[in-house]
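For reference, the structure discussed in these notes is given below.
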Amino acid sequence: AMGLALLAGVFLFSKLFCSYICPIGTFTEWLSKQGKRFKMNIVISGIADRLLRLLKYALLFVTFYYSVSSSELFCKTFDPYYAVFSGFSSDVVMSYAVMALLLAIPGSFFVRQFWCKYICPLSAASNIFSFGFVFLGIVALYAVLTAGFGLSIGWIWLLGALCLAGVILETTRLKFGIFPVVKVTRNADTCTSCRLCDKACPMAIKISD
């Protein structure tokens, strides 16, 4: 039930889910506000922004692969929320968790939603799902090749194709597709094309386009 609720939250609200429901997103958003309060927030844009976005897809690939291979949630080894509130239990790999905390806390103080934007594998998964037709197309093609034509193609290739598609679509579009259902949109009828929204956006997205 919790898994279905999580998927529904990602589909419907995506980054709003990250900011207001996800405990890590809520905490890192608070950290970002403290950074803004002391005028220490920075916005990463351009090539650096796009390269950093690759990290969460790489982590999604690794996390999903080892989770399926071992039948254990690999994310438990590094998830900063799980590490802290489990008291760094035996499921946690100390070096992974400490590295995640060092990225999440200082990173989010200086860059809004640093963890969610660049590191979180769930964020990468939600981005892939947001491009609904591409996601369904890749899955359908995989099903046709394996079930229809009897080709022996491991699921890892499907995972790799989905992650690669997510990388390409996010770094070239910087906008979502069908999902989330609830999203911020520009009203073309009232927009004056002043482009102040582009300058104000903490995610470095060209909203006016």
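Numbering of the sequence shown is given in this note's numbering, commencing with residue 1136 and proceeding in unit increments. Just so it is clear, CB atoms sit at the ideal spot from N, CA and C, and this is done for glycine as well. Quantities reported herein were computed from a predicted structural model and do not represent experimental measurements.
Item, Value
"Taking the C-alpha atoms as reference points, what is the distance between Gln1248 and Gly1285?", "44 Å"
"Which same chain residues, not among the five before or five after Asn1262, have their C-beta less than 6 Å away from its C-beta?", "Gly1301 and Glu1305"
"Which residues mark the beginning and the end of the alpha helix (DSSP H) in which Ile1182 is found?", "Gly1181 to Ser1205"
"With a threshold of 16 other CB atoms inside 10 Å of the CB of Asp1214, please say whether the residue is buried or exposed.", "buried"
"Exposed or buried, Phe1173, counting other C-beta atoms within 10 Å across all chains shown (16 or more means buried)?", "exposed"
"When we look at the beta-carbon of Pro1241 and count the other beta-carbons within 10 Å, is it buried (16 or more) or exposed?", "exposed"
"Between which residues of its own chain and Ser1258 is the CB-CB distance below 6 Å, once the five residues before and five after are set aside?", "Lys1191 and Cys1251"
"In this structure, how does DSSP classify Phe1284 when only helix, strand and coil are distinguished?", "coil"
"Is it true that the stretch 1274-1290 meets the stretch 1154-1168, where meeting means three or more beta-carbon pairs spaced less than 8 Å apart?", "no"
"Mind checking if Lys1191 is an interface residue toward chain E, Cβ cutoff 7 Å exclusive?", "Here there is only one protein chain, and chain E is not present."
"Going straight from the alpha carbon of Arg1188 to that of Arg1308, what length do you get?", "12 Å"
"Let's test the definition: count the other Cβ atoms within 10 Å of the Cβ of Leu1297 and tell me whether it reaches 16, buried, or not, exposed.", "buried"
"So, Val1227 versus Ala1218, is the Cβ gap smaller than 7 Å?", "yes"
"Should Ser1205 go down as buried or exposed, given a rule of 16 or more other Cβ atoms within 10 Å for buried?", "exposed"
"If you draw a straight line from the alpha carbon of Asp1333 to that of Pro1158, how long is it in whole angstroms?", "28 Å"
"How would you call Val1246, buried or exposed, if buried means at least 16 neighbouring beta carbons within 10 angstroms?", "buried"
"For Phe1244, collect the residues of the same chain with a Cβ closer than 8 Å to its Cβ; drop the 5 residues on either side in sequence, then sort them by chain order.", "Leu1166, Ser1167, Gln1169, Gly1170 and Met1175"
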